[in-house]
Amino acid sequence: SALLTTTMPYMKVVIDTMKEKGIRDDYVVLVGGAPLNEEFGKAVGADAYCRDAAVAVETAKDFMKRKHNVRASA
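Numbering (the working numbering) for the sequence shown: 15 to 88.
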């Protein structure tokens, strides 16, 4: 989550570092905060943008359900 625009570039740094280490696909990355929007989330490579914490919780639950269903059908 970013409250200040000065922290926004570091979200991409974190996601890029996860990619470099080969662990990006092991995690669901959600971004949010006052200065962010869906376009920013896509630009930095996040799985989703969430406008607030309540939406983030529901989005995370949805991702986990889908991940569980993929494993169950494999």
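Idealized CB from N, CA, C, for every residue including glycine.
According to the DSSP secondary-structure assignment, Y63 is paired through a beta bridge with V45. By the CB criterion at 8 Å, V71 and G55 fall outside the cutoff. Comparing C-alpha distances from L50 to each of K79, M25 and M78 shows the shortest one belongs to M25. Residue burial is scored here from C-beta neighbours: V58 has at least 16 other C-beta atoms within 10 angstroms and is therefore classed as buried.
Burial is judged here by how many other beta carbons sit within 10 angstroms of a residue's own beta carbon; G47 has at least 16 and is buried. In the three-state DSSP reduction, K79 falls in the helix class (H, G or I). Just so you know, the alpha carbons of K79 and E34 end up roughly 27 Å apart. When only Cα atoms are considered, E53 and D66 end up about 16 Å apart.
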